[in-house]
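Take a look at the structure set out below.
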Amino acid sequence: MSESGKFGSGAGRLILLFCLSTVCVLPYAVLLWLSSGSGWEWPRLVPLRIDGVAWQRALSGSNGRASLEGAGLSVAVAACSTLCGLMISRCWSETGGDRRRSLLYLPLLTSPAIAAGCLFDLVSRLQLAGTWWGVFLVQCVYGTSFAAVLFAGVREPSSWRREQLVRSFGGGDLAVWRHVVLPDARGLLPLCLFQTSLISWLDYGLTTVAGGGRVQTLMMRLFSQIREGGVSQAAVSSLLLTVPPLAALLLLRLRGSGVAVTGASPGVLGGLRRVLERVS
Amino acid sequence: MRLDRGAGLVLLVCFVLLPAVWMVGYAALYSLGVLGFMRSGLTAEWWWRAGTEQLLGPALVLSLTVAAVTTAACLVTGMLLCVAADYWRVERPVGSLLTMGAALPVSAVAFVVLQAGSRGGLLARCLVVLWPGFQPNDFPELVNDGWSVGIVLAGWLTGIPLTGLFLQGVWRSSGAGRYVELAERLGAGGWRARMTVGVPMLWRRSRLLAFLLFIWNFSAWEAPLLLGRQSPRMMSVLIQQSSGQYSLSERPLSFVYATVYFAVLLGLLLWLPGLRSGGCGAGGCGAGRGAA
Numbered sequence: 001m002s003e004s005g006k007f008g009s010g011a012g013r014l015i016l017l018f019c020l021s022t023v024c025v026l027p028y029a030v031l032l033w034l035s036s037g038s039g040w041e042w043p044r045l046v047p048l049r050i051d052g053v054a055w056q057r058a059l060s061g062s063n064g065r066a067s068l069e070g071a072g073l074s075v076a077v078a079a080c081s082t083l084c085g086l087m088i089s090r091c092w093s094e095t096g097g098d099r100r101r102s103l104l105y106l107p108l109l110t111s112p113a114i115a116a117g118c119l120f121d122l123v124s125r126l127q128l129a130g131t132w133w134g135v136f137l138v139q140c141v142y143g144t145s146f147a148a149v150l151f152a153g154v155r156e157p158s159s160w161r162r163e164q165l166v167r168s169f170g171g172g173d174l175a176v177w178r179h180v181v182l183p184d185a186r187g188l189l190p191l192c193l194f195q196t197s198l199i200s201w202l203d204y205g206l207t208t209v210a211g212g213g214r215v216q217t218l219m220m221r222l223f224s225q226i227r228e229g230g231v232s233q234a235a236v237s238s239l240l241l242t243v244p245p246l247a248a249l250l251l252l253r254l255r256g257s258g259v260a261v262t263g264a265s266p267g268v269l270g271g272l273r274r275v276l277e278r279v280s
Numbered sequence: 001m002r003l004d005r006g007a008g009l010v011l012l013v014c015f016v017l018l019p020a021v022w023m024v025g026y027a028a029l030y031s032l033g034v035l036g037f038m039r040s041g042l043t044a045e046w047w048w049r050a051g052t053e054q055l056l057g058p059a060l061v062l063s064l065t066v067a068a069v070t071t072a073a074c075l076v077t078g079m080l081l082c083v084a085a086d087y088w089r090v091e092r093p094v095g096s097l098l099t100m101g102a103a104l105p106v107s108a109v110a111f112v113v114l115q116a117g118s119r120g121g122l123l124a125r126c127l128v129v130l131w132p133g134f135q136p137n138d139f140p141e142l143v144n145d146g147w148s149v150g151i152v153l154a155g156w157l158t159g160i161p162l163t164g165l166f167l168q169g170v171w172r173s174s175g176a177g178r179y180v181e182l183a184e185r186l187g188a189g190g191w192r193a194r195m196t197v198g199v200p201m202l203w204r205r206s207r208l209l210a211f212l213l214f215i216w217n218f219s220a221w222e223a224p225l226l227l228g229r230q231s232p233r234m235m236s237v238l239i240q241q242s243s244g245q246y247s248l249s250e251r252p253l254s255f256v257y258a259t260v261y262f263a264v265l266l267g268l269l270l271w272l273p274g275l276r277s278g279g280c281g282a283g284g285c286g287a288g289r290g291a292a
């Protein structure tokens, strides 16, 4: 490569990485900067007071409680959804053709705010509106749909043959789960657990409607802080919200399963990358 | 039927099918006056009102347009990223940066866009500091604006990491690199080989992602709630805000909007298998798999 070609290559590489850093890393920097202090008078670029007050408040009182309760809820949703999804995947292939199966994506792809509006009456009839159980139930609908779609591709022709083999040796349902279902799904289990917990952790639409304002998670606190104009507090909450997705990405990367979890808007699509790669 | 399959079927009905049927059926029946506290027997009054109030049409057009623009922007940028990363051999750092971006929730991204792009935001403050005499009103409207720039920007920022990572995976698994290398040996330039050989391969295998991204952006809620205008509103914001936030008497109207939303969504979903088979039927998938 000539000298000018080498320079062009180096410059292009730097420009590409700089632009991508701006898109992917700059939001973190902005959030950190906004969370660093208080008193953002116009047109100051630096806050009046650089202190850690927003961080202290975030980890104590109602914010800290909301974070802990939200984390507990997301763990419960993840466990329940993953188990239900695994069980549903056992009968997935018997549920009809491609067109009918596409309808099973419906709960997953519906806007949570709209879904919650329609499901609110059902939750009210069950006397669960405005309770943690009500929020847990509607979040499980989303989590289970995701898990069912994710695990649907686990069953291969060899799975059927192995299941028949286990049964022909006298194995029951438990043995089939132990020797066929769980080994087949083992690679996807962490991904499913992480992603379904993130569905719950990052949910606002379902919680705000089904919880009726009485269920407070960190995401609910974030929107309250934005409405109240608490810039520093909202920045801290946003950063705290990114901690579990970052941890999940790091763990999955260390585990060598690639990066499939995402906390972004199309978060579920991130988890569905495997499904997409399978069918496309 | 085995016990676990029976339990799976029950869970499928309870957690997936029943909520799906309930959502669509409840919205349709409520909008026709058959259900709900304002039920008055079968009536088309609410549909008539929705048709004459001039809220539904603009909201639908806005949602579809924003979804199409955001999806197209994500795909084009993702493909360019993928090609550029391969050309300059920086797949690993690009993958790491995209992974960082993938962890950002949409609400955090929308908050950053709000804080950076509003007239009192960080970008306007930078301009005031760097450019004496600059007034906040000189700053272009990027948030709560008529063109929904803020919503598209937030959708693009959250869609880029996913699209980029997915397309990088497709590039590796389809063996596009080898075809590009062949084209280069046959005399094509580095960029031209990638754009004419690699990009069509990426496009063939990313149709389903494009479709799901489109639906996702069509259903977006948090970003439009923070960054959108009051009129016209995105479909999900319109439905949520008219379902009793200001007046309970407008609740049936929100279910009319929800029914239209579900009709569009169902139409798109029923089109999905055709899209899937079309994507593979064109020979692209077969070629990709063979190469892989």
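Residue numbers (the numbering used here), protein chains in the order written: chain R, 1 to 280; chain Z, 1 to 292. Backbone N, C-alpha and C define an ideal beta-carbon position, used for all residues, glycine too.
Worksheet item: Taking all protein chains shown into account, do 16 or more other C-beta atoms lie within 10 angstroms of the C-beta of Z:Asp138, making it buried, or fewer, making it exposed?
Response: Stepping through the second sequence from its first residue, residue 138 of chain Z is reached at position 138. By the neighbour-count rule (16 or more Cβ atoms within 10 Å), Z:Asp138 is not buried but exposed.
Fill in: Beta-carbon proximity list for Z:Met201, same chain, < 6 Å, skipping 5 on both sides
What you label residue 201 of chain Z is simply residue 201 of the second sequence in a count that begins at 1. The residues are Ser174 and Ala176.
Practice prompt. For R:Val259, name the three-state secondary structure that DSSP assigns.
Written response: Working through the first sequence from its first residue, we reach residue 259 of chain R at position 259. With a pLDDT of 46 at R:Val259, under the threshold of 50, the predicted position of this residue should be treated as unreliable, and no value is reported.
Item to complete: Can you give me, in chain order, the residues of the segment 17-37 of chain Z that have a beta carbon less than 7 Å from any beta carbon in chain R?
Response: Pro19, Ala20, Trp22, Met23, Tyr26 and Ala27
Discussion item. Please report the distance separating the alpha-carbon of R:Leu34 from that of R:Ser21.
Written reply: Counting from one through the first sequence, the residue named residue 34 of chain R turns up at place 34. Counting from one through the first sequence, the residue named residue 21 of chain R turns up at place 21. So the alpha carbons of these two residues sit roughly 19 Å apart.
Item to complete: Counting only the same chain and skipping the five closest in sequence on each side, list residues whose C-beta sits under 8 Å from that of R:Arg65.
Response: By 1-based counting over the first sequence, the position of residue 65 of chain R is 65. Around R:Arg65: Gln216.
Worksheet entry | Three-state secondary structure assigned by DSSP to Z:Gly190 | As a position in the second sequence, residue 190 of chain Z is number 190, starting the count at 1. Helix at Z:Gly190.
Worksheet item: In terms of residues, what are the limits of the alpha helix (DSSP H) holding R:Gly130?
Response: Numbered from its first residue, the first sequence carries residue 130 of chain R at position 130. Neither: R:Gly130 is in no alpha helix (DSSP H) and is coded neither H nor E.
Worksheet item: To which residues does DSSP link R:Ser38 through a beta bridge?
Response: Translated into positions along the first sequence, residue 38 of chain R becomes position 38. BP columns for R:Ser38 point to R:Arg49.
Worksheet item: Relative to the C-alpha of Z:Thr158, which residue among Z:Arg192, Z:Arg185, Z:Gly117 and Z:Thr99 is closest?
Response: Reading the second sequence from its first residue, position 158 is the one you call residue 158 of chain Z. Answer by Cα proximity: Z:Thr99.
Practice prompt. Taking C-beta pairs closer than 7 Å, name the residues in chain R that Z:Met100 reaches, listed in chain order.
Written response: For the purposes of this step, residue 100 of chain Z is identified with residue 100 of the second sequence, where counting begins at 1. Within chain R, the residues near Z:Met100 are Cys24 and Val25.
Discussion item. If you measure between the beta carbons of R:Phe136 and R:Val209, is that distance less than 8 Å?
Written reply: To locate residue 136 of chain R, count along the first sequence from 1; it is residue 136. To locate residue 209 of chain R, count along the first sequence from 1; it is residue 209. No; because the gap between Cβ atoms is not below 8 Å, this pair is not in contact.
Worksheet entry | Beta-carbon gap between R:Ala148 and R:Gly70 smaller than 8 Å | In the first sequence, residue 148 of chain R corresponds to position 148, counting from 1. In the first sequence, residue 70 of chain R corresponds to position 70, counting from 1. Cβ atoms of R:Ala148 and R:Gly70: not closer than 8 Å.
Worksheet item: Can you tell me whether Z:Gly8 is buried or exposed, with buried defined as 16 or more other CB within 10 angstroms of its CB?
Response: Looking up residue 8 of chain Z in the second sequence gives position 8. Looking at its Cβ environment, which holds 16 or more other Cβ atoms inside 10 Å, Z:Gly8 is buried.
Worksheet item: Since R:Arg186 is in the alpha helix (DSSP H), which residue starts that stretch and which ends it?
Response: Counting from 1 along the first sequence, the entry for residue 186 of chain R is found at position 186. It is not in any alpha helix (DSSP H) - R:Arg186 carries neither H nor E in the DSSP assignment.
Worksheet item: Does the beta-carbon distance from Z:Tyr257 to Z:Leu56 come in below 8 Å?
Response: In the second sequence, residue 257 of chain Z corresponds to position 257, counting from 1. In the second sequence, residue 56 of chain Z corresponds to position 56, counting from 1. In this structure, Z:Leu56 lies closer than 8 Å to Z:Tyr257 by Cβ.
Item to complete: Could you give the DSSP three-state label for R:Val154: helix, strand or coil?
Response: Locating residue 154 of chain R in the first sequence gives position 154, where the first residue counts as 1. Correct three-state label for R:Val154: coil.
Worksheet item: Is there contact here, the segment 107-120 of chain R with the segment 229-247 of chain R, by at least three beta-carbon pairs under 8 Å?
Response: no
Worksheet item: Under a CB-based cut-off of 8 Å, is Z:Ala287 close to chain R?
Response: For this step, residue 287 of chain Z is matched to residue 287 along the second sequence. Annotation note: pLDDT 31 at Z:Ala287 (below 50); position unreliable, coordinate value reported separately. No, no contact with chain R.
Worksheet entry | Where the alpha helix (DSSP H) through Z:Phe218 begins and ends | What you label residue 218 of chain Z is simply residue 218 of the second sequence in a count that begins at 1. From DSSP, the alpha helix (DSSP H) with Z:Phe218 extends over Arg207 to Phe218.
Worksheet item: When the Cα atoms are used, what is the spatial distance from Z:Gly281 to Z:Ala44?
Response: The residue you call residue 281 of chain Z lines up with position 281 of the second sequence. The residue you call residue 44 of chain Z lines up with position 44 of the second sequence. Confidence at Z:Gly281 is low in this model, with a pLDDT of 33, below 50, so its placement is unreliable and the value that follows should be read with caution. About 43 Å.
Worksheet item: Does the beta carbon of Z:Phe214 fall short of 7 Å from some heavy atom of the ligand FAD?
Response: Absence of the ligand FAD is noted for the structure shown, with no ligands found whatsoever.
Worksheet item: Straight-line CA distance for Z:Trp221 to Z:Ile239?
Response: Taking the second sequence and counting its residues from 1, the one referred to as residue 221 of chain Z is at position 221. Taking the second sequence and counting its residues from 1, the one referred to as residue 239 of chain Z is at position 239. One C-alpha to the other measures close to 10 Å.
Worksheet item: Would you say Z:Gly120 faces chain R, with C-beta separation under 8 Å as the test?
Response: Within the second sequence, the letter at position 120 stands for residue 120 of chain Z. Output row for Z:Gly120: interface = yes.
Worksheet item: alpha helix (DSSP H) containing R:Asn63: first to last residue?
Response: Translated into the one-based positions of the first sequence, residue 63 of chain R becomes position 63. Run containing R:Asn63: Gly61 to Cys91, per the alpha helix (DSSP H) assignment.
Practice prompt. Within the same chain, show all residues whose beta-carbon is closer than 6 Å to that of Z:Ala183, passing over the 5 residues directly before and after it, in chain order.
Written response: The residue you call residue 183 of chain Z lines up with position 183 of the second sequence. Same-chain partners within the cutoff: Ala193 and Val197.
Fill in: Cross-chain neighbours of R:Asp173 in chain Z, by beta carbon under 8 Å
In the first sequence, counting from the first residue as 1, residue 173 of chain R sits at position 173. Correct list: Arg2, Leu3 and Asp4.
Worksheet entry | Alpha-carbon to alpha-carbon, Z:Phe37 and Z:Pro252 | Position 252 of the second sequence, counted from the first residue, corresponds to residue 252 of chain Z. Position 37 of the second sequence, counted from the first residue, corresponds to residue 37 of chain Z. Using only the alpha carbons, I get a separation of about 10 Å.
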